[in-house]
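Structure first, commentary second.
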Amino acid sequence: MIVGDVVIVVTRGGYIKRMPLTTFENQGRGTRGKKGTASASEANEVANCFTCNDHDTLLMMTQTGIAYGVKAFKVPAGSRTAKGVPIPSVLPVKVDDMVTSVLAVSEFSEDEFLVLATEKGWIKKTPLAAFEKLTSRGLTAASLNDGDRLNWCQQCTDDDDLLIGSSKGMGTRFKASKLRPTGRTSRGVKAMKLKEGDTLADVSLLNSNNDKEFILAVTANGYGKRVRPQEFKTQARGGVGVRSIKFKEASKDDDVQCLRVVNENDEVLLITSQGIMVRQKVKDIPTQSRSATGVRVQKVDRESGDQISSVSIVPKYEERNGEE
547 MIVGDVVIVV
557 TRGGYIKRMP
567 LTTFENQGRG
577 TRGKKGTASA
587 SEANEVANCF
597 TCNDHDTLLM
607 MTQTGIAYGV
617 KAFKVPAGSR
627 TAKGVPIPSV
637 LPVKVDDMVT
647 SVLAVSEFSE
657 DEFLVLATEK
667 GWIKKTPLAA
677 FEKLTSRGLT
687 AASLNDGDRL
697 NWCQQCTDDD
707 DLLIGSSKGM
717 GTRFKASKLR
727 PTGRTSRGVK
737 AMKLKEGDTL
747 ADVSLLNSNN
757 DKEFILAVTA
767 NGYGKRVRPQ
777 EFKTQARGGV
787 GVRSIKFKEA
797 SKDDDVQCLR
807 VVNENDEVLL
817 ITSQGIMVRQ
827 KVKDIPTQSR
837 SATGVRVQKV
847 DRESGDQISS
857 VSIVPKYEER
867 NGEE
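Just so we're aligned, residue 547 is where the sequence shown starts under my numbering, counting upward by one.
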């Protein structure tokens, strides 16, 4: 049995595994590193990856607003290249439901909160302590309207700022402290005013004291840029926001897939709906203004219906293994 610090890996295909942190020992600069999943397929793409202690609680949120909890040591151990086990074999997640967020919680502090946001723009802040009695049977984390889904869950304090991005290229930033705490079963309030046909594309936490942070914007048609956080001024919650990216004239059907806080030394994995994957260093993506269109970060065959479907930050354990 693994004891101590571990790495938890959850894939977009709905698999989970646990590995000892020592599996990923330090390597010299310039080495290739080690694979953390079985093969380079969209189903095996890493959706969540983090280090934690065996006795931490893994808090999992599903798209229907149900929260499940399981101790990390109860997740079956797997090798570096193993696919893992299906999440429903660890937790009673329904076949037609899907885990969208996983957090490791060591202490259910009174001073911390969970911020939950839905595709159609609802957001809520619930004290983390409200989930202290969370079990594998599950608890309601949010009430959803018909056709809506819970896509984001972040652990925050009142010192954080929230960055909300919409698929039609708008973004807003407001203080987490301005979001009134509500109970587990509440629906929440509107994060921003969305135009008809618009949905939320991303939710991130901003730390105003970190000068290494940037905001990465990537569109479905493969354009991207970095933006300095200072260009998103703090506003009141519920407004229309400001323009986060200008779409190319020839790409009026484009959508934002990512408006996420990243560090300059991060690497990101861009994946298309047809399974094409490209890994890039954040520092190689140009810094531009909010109103700029960005540069092409990945070629996408739009004629065949392909588009960028997800953007993931490369897990930190891979970065420790050296550069590709």
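Just so it is clear, CB atoms sit at the ideal spot from N, CA and C, and this is done for glycine as well.
Note that this is a predicted model, so its numbers are computed, not measured.
request  = Determine the direct distance from the alpha carbon of T568 to that of K714, and round the result to whole angstroms.
outcome  = So the alpha carbons of these two residues sit roughly 43 Å apart.
query = At what residues does the beta strand (DSSP E) containing M823 begin and finish?
reply = Judged by DSSP secondary structure, M823 falls within the beta strand (DSSP E) whose first and last residues are 823 to 827.
task = Counting only the same chain and skipping the five closest in sequence on each side, list residues whose C-beta sits under 7 Å from that of E888.
result = The requested residue 888 does not occur in the structure, where the chain is confined to residues 547 to 870.
message = Whole angstroms are fine: how far does the CA of G787 sit from the CA of K739?
response = If I take the Cα positions, the gap works out to 8 Å.
task = Leaving out five residues on either side along the sequence, give the residues of the same chain with a beta carbon under 6 Å from the beta carbon of V553.
result = Once the five neighbours on either side are set aside, the close Cβ partners of V553 are M565, L567, T597, Y863.
inquiry  = Among Q781, S797, E777, whose alpha-carbon lies nearest the alpha-carbon of S837?
reply    = Minimum Cα distance to S837 is reached at E777.
CB of K671 within 7 Å of CB of S732, strictly = One thing to note: K671 has its Cβ no nearer than 7 Å to the Cβ of S732.
request  = Rounded to whole angstroms, what's the CA-CA distance from K758 to V556? Just pull it up for me.
outcome  = K758 and V556 have their C-alpha atoms some 27 Å from each other.
query = How about Q820 and V764: are their beta carbons less than 7 Å apart?
reply = At a Cβ-Cβ threshold of 7 Å, Q820 and V764 do not count as neighbours.
task = Can you give me the Cβ contacts of D801 inside the same chain, cut-off strictly under 6 Å, excluding the 5 residues immediately before and after it?
result = Only S713, A766 meet the Cβ criterion.
ask   = What first and last residue would you give for the beta strand (DSSP E) that runs through K671?
value = Segment 668 to 673, the beta strand (DSSP E) holding K671.
query = Which residue comes first and which comes last in the beta strand (DSSP E) that contains K563?
reply = For K563, the enclosing beta strand (DSSP E) covers residues 561 to 566.
ask   = For I710 versus A737, is the C-beta spacing smaller than 7 Å?
value = In this structure, the beta-carbon distance from I710 to A737 falls below 7 Å.
task = Counting only the same chain and skipping the five closest in sequence on each side, list residues whose C-beta sits under 8 Å from that of P638.
result = Within the same chain, P638 has close Cβ partners Y614, S682, R683, G684.
ask   = Fully enclosed by the stretch 713 to 767, which alpha helix (DSSP H) runs are 4 residues long or longer?
value = The stretch 713 to 767 contains no whole alpha helix (DSSP H) run of 4 or more residues.
inquiry  = Quick check on the burial criterion: 16 or more other C-beta atoms within 10 angstroms. Buried or exposed for S625?
reply    = Counting of Cβ neighbours within 10 angstroms places S625 among the exposed residues, the total staying below 16.
inquiry  = Taking the beta strand (DSSP E) that A663 belongs to, which residues open and close that run?
reply    = Start and end: 659 to 664.
request  = Output the distance between the C-alpha atoms of E656 and T728, rounded to the nearest integer angstrom.
outcome  = Cα to Cα, E656 sits roughly 14 Å from T728.
query = Heavy atom of the ligand FMN less than 6 Å from the Cβ of D692, yes or no?
reply = Questions concerning the ligand FMN fall outside what the structure shown contains, since it holds no ligand whatsoever.
query = For F596, which of helix, strand or coil comes out of DSSP?
reply = Of the three classes helix, strand and coil, the one that applies to F596 here is strand, per DSSP.
inquiry  = Bridge partners for T686 per DSSP, in chain order?
reply    = For T686, which the question treats as bridged, DSSP gives the partners I612.
query = Hey, G770 and V846: beta-carbon distance below 7 Å or not?
reply = In this structure, G770 sits away from V846, with a CB-CB distance that is not shorter than 7 Å.
request  = Return the residue from the list T839, R806, R772, L660 that minimises the CA-CA distance to M606.
outcome  = It is L660 whose Cα lies nearest to the Cα of M606.
ask   = What separation, rounded to the nearest whole angstrom, lies between the Cα atoms of G667 and V651?
value = If I take the Cα positions, the gap works out to 26 Å.
message = Is it buried or exposed, A618, if we count other Cβ atoms within 10 angstroms and call 16 or more buried?
response = A618 is buried by the Cβ-count criterion.
inquiry  = Between which residues of its own chain and E678 is the CB-CB distance below 8 Å, once the five residues before and five after are set aside?
reply    = Contacts found: F654.
message = Which residue marks the beginning of the beta strand (DSSP E) containing K771, and which one marks its end?
response = Membership of K771 in the beta strand (DSSP E) is indicated by the continuous run 769 to 773.
inquiry  = Please classify T664 as buried or exposed, where buried requires at least 16 neighbouring CB atoms within 10 angstroms.
reply    = Per the 10 Å Cβ criterion, buried.
ask   = Short check: CB of G717 to CB of L604, under 7 Å?
value = Not closer than 7 Å, so no.
request  = Assign V641 to one of two classes, buried (16 or more other C-beta atoms within 10 Å of its C-beta) or exposed (fewer than that).
outcome  = V641 counts as exposed, since fewer than 16 other beta carbons sit within 10 angstroms of its beta carbon.
message = Let me check one thing: in DSSP terms, what residues is I854 bridge-paired to?
response = Answer is T818.
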